[in-house]
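Enquirer: Just so we're aligned, residue 453 is where the sequence shown starts under my numbering, counting upward by one.
All C-beta atoms, glycine included, are put in the ideal place defined by N, C-alpha and C.
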Amino acid sequence: MYIMLIMLLFIVFFYFLIDKKLKLGLSNIFAMLFFTFLTCLAGLRYGVGLDYFSYEDWFKYWDMSFSSEWIYMFIMYIVKMANGEFYIITIIMAIVTNLFIYLGIKNWGVKGEYLFLSVLLYCSEHFLIYLNLMRQGAAVAIFFYASKFIVTRSFKKYLLFIILASGFHYSAIFLLVLYFLPNIRIKYKLYCTLLIVAILVTYLGITNEILNFIVKFTPYSDKYYNHVYLQSGDIDWFSPVVLFRVVFSVILIYLSSFGYDSLKKISLIITFYQIGIILNILSLSTFMFDRIGIYLRIFEIVIVPILMSLIKDKYLRQLLFIFLFVFMLIVISNSLLINPDPSLLRYKSIFESE
């Protein structure tokens with residue numbers, strides 16, 4: 453799997469360089485083809501992803517009761533009634549996820565060589581995560597697309613897509629509140645302060661107490677008080693991915709802040725991006741923060757390219773471009789080599805399942 457992804461990233465990288473040099477304007481077409489390939493890769497996989505066989509067993513032994521997310525249940529119902537196989541489910545979920553991710557990128561106006569960065573950021577980490585979190589991955593993708601309606605103040609459209617997202621994962625329903633917070637902003641100094649606080653809270657090991665405090669005052673959440681999901685785990689003190697994400701965000705937001713007028717249109721999702729990184733730090737101690745932060749961290753695939761495009765110094769912009777590309781290779785290596793999930797190491801398709 454890792455060899456395949458690294459080769460693809462190099463192909464995309466050199467293609468976009470050629471496209472920029474010759475001004476062919478084919479970046480959109482190539483991005484569509486690349487997302488189509490990722491969809492086939494995810495949809496036709498067999499045993500790839502931590503929860504793959506759990507989902508497969510759920511499908512095989514499902515009692516046809518609609519006891520969970522209704523859209524996912526309905527998809528399973530239709531496939532079961534048609535005597536279909538589980539791979540049809542994975543294909544449908546891959547189509548939904550990658551389609552809305554692509555539409556979301558287009559929605560936020562990423563284009564040209566910066567479209568390459570979006571593709572790179574997505575498939576270096578988020579794509580791999582969604583192979584594990586199949587239902588929540590679809591919910592994240594739908595919210596990512598629908599987030600534009602917060603800015604355009606289209607409540608009916610936003611509500612419709614949040615209901616759609618919650619049909620794949622109930623947690624998406626809590627995203628409704630974001631519509632009523634269109635002006636939330638985290639200024640640069642406050643952001644840096646919150647990063648420091650998040651690091652201290654994580655390494656002091658008090659995230660469990662914070663989560664329990666929140667749960668205690670949240671309606672219908674008593675069963676989660678002191679739950680194993682809220683327990684602090686082993687802290688990865690030297691996580692290169694989180695460390696880079698923090699440092700890069702601080703530098704990037706600072707450098708791009710000089711184009712202030714251009715930031716107004718995307719200030720809301722910059723805030724989402726910032727909160728996502730803060731939650732990513734907290735997730736080093738317990739994965740529950742990542743379950744929340746995953747909805748916001750996806751915005752890095754559009755924020756990073758957009759902010760980089762606002763940097764006026766050509767050579768600095770190119771340096772950051774190359775630096776980010778190298779780091780994304782490190783991210784892939786971290787996911788598949790340094791700290792690998794065994795189910796992701798060797799890609800296996802449904803045609804090899806027997």
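How many Å lie between Y454 and M780 at the Cα?
Expert: The pLDDT assigned to Y454 is 49, lower than 50, so where the model puts this residue is not dependable, and the model offers no usable value.
Enquirer: Looking at L630: is its Cβ nearer than 9 Å to the Cβ of S606?
Expert: For L630 and S606, no; Cβs fall outside 9 Å.
Enquirer: CA-CA distance, T645 and V699?
Expert: Approximately 13 Å, taken between the alpha carbons.
Enquirer: Could you please give the first and the last residue of the uninterrupted alpha helix (DSSP H) stretch that includes D509?
Expert: Per DSSP, D509 belongs to the alpha helix (DSSP H) from 504 to 512.
Enquirer: Please report the distance separating the alpha-carbon of L762 from that of I557.
Expert: Near 17 Å, if we compare the C-alpha coordinates of I557 and L762.
Enquirer: Do you know how far the Cα of V754 is from the Cα of L485?
Expert: Going by the C-alpha atoms only, they are around 19 Å apart.
Enquirer: Determine, using beta-carbon pairs with one atom in the segment 565 to 581 and one in the segment 505 to 517, whether at least three such pairs fall under 8 Å.
Expert: Short answer: they don't touch.
Enquirer: In this structure, does DSSP put R749 in helix, strand or coil?
Expert: Helix.
Enquirer: Report the residue from L502, V756, I727, S737 whose alpha carbon sits nearest the alpha carbon of I746.
Expert: Comparing Cα-Cα distances from I746 to each of L502, V756, I727, S737, the minimum goes to I727.
Enquirer: Give the straight-line distance between the Cα atoms of Y643 and L759, rounded to the nearest whole angstrom.
Expert: Those two C-alpha atoms are separated by around 16 Å.
Enquirer: Could you check whether N635 and G501 sit closer than 9 Å to each other, using their CB atoms as the reference points?
Expert: Against a cut-off of 9 Å, the Cβ pair of N635 and G501 comes out as no contact.
Enquirer: Quick check on E661: buried or exposed, where buried means 16 or more other Cβ atoms within 10 Å of its Cβ?
Expert: Exposed is the call here.
Enquirer: Report the three-state DSSP secondary structure of S618 (helix, strand or coil).
Expert: S618: helix per DSSP, three-state reduction.
Enquirer: Would you call the segment 716 to 727 and the segment 539 to 549 touching, i.e. three or more CB-CB distances under 8 Å?
Expert: Segments in contact, no.
Enquirer: Looking at the structure shown, is R497 part of a helix, part of a strand, or coil, going by DSSP?
Expert: Three-state DSSP puts R497 in a strand.
Enquirer: State the DSSP-derived secondary structure class of I802, mapped to helix, strand or coil.
Expert: Reduced to three states, the DSSP call for I802 is helix.
Enquirer: Inspect the beta-carbon positions of I594 and L628 and report whether they are closer than 9 Å.
Expert: Cβ distance not < 9 Å, so I594 and L628 don't count as in contact.
Enquirer: Looking at C-alpha atoms only, which residue of R769, V592, I750, F518 is the closest neighbour of L572?
Expert: Selected option, being the one with the closest Cα: I750.
Enquirer: Comparing C-alpha positions only, which one of V702, I774, Y524 sits nearest to A590?
Expert: Measuring from the Cα of A590, the nearest candidate turns out to be Y524.
Enquirer: Are the CB atoms of K800 and G495 nearer to each other than 9 Å?
Expert: Taking 9 Å as the Cβ cut-off, K800 and G495 do not qualify as a contacting pair.
Enquirer: Do T654 and L748 come within 9 Å of each other at the CB atom, strictly closer than that value?
Expert: No, the Cβ-Cβ distance between L748 and T654 is not below 9 Å.
Enquirer: Measuring straight from C-alpha to C-alpha, what distance separates I553 and R769?
Expert: Going by the C-alpha atoms only, they are around 25 Å apart.
Enquirer: Output yes or no for whether 9 Å exceeds the beta carbon distance between N620 and V548.
Expert: In the sequence under discussion, the amino acid at residue 620 is Phe, which differs from the Asn named in the question. Yes, they are a contact pair.
Enquirer: Tell me the rounded alpha-carbon separation between W522 and A534.
Expert: Answer to the nearest angstrom: the Cα atoms are 18 Å apart.
Enquirer: Should A449 and L734 be called a contact, given that it needs their Cβ atoms to be closer than 9 Å?
Expert: Nothing can be reported for residue 449, as the shown portion of the chain is limited to 453 through 806.
Enquirer: Whole-angstrom Cβ separation of K532 and W514, contact assumed at under 8 Å?
Expert: Indeed, because the Cβ distance is near 7 Å, the residues count as touching under 8 Å.
Enquirer: Going by Cα to Cα distance, which pick from S520, S517, M528, S519 is closest to F511?
Expert: It is M528.
Enquirer: Whose C-beta lies closer than 8 Å to the C-beta of V609 among residues of the same chain, with five residues either side of it excluded?
Expert: It should be noted that the sequence gives Lys, not Val, for residue 609. Excluding positions up to five away in sequence, the list reads A598, F601.
Enquirer: With distances taken between CB atoms, is the gap from L704 to L772 smaller than 9 Å?
Expert: It is a contact, given that the beta carbons lie within the stated cut-off.
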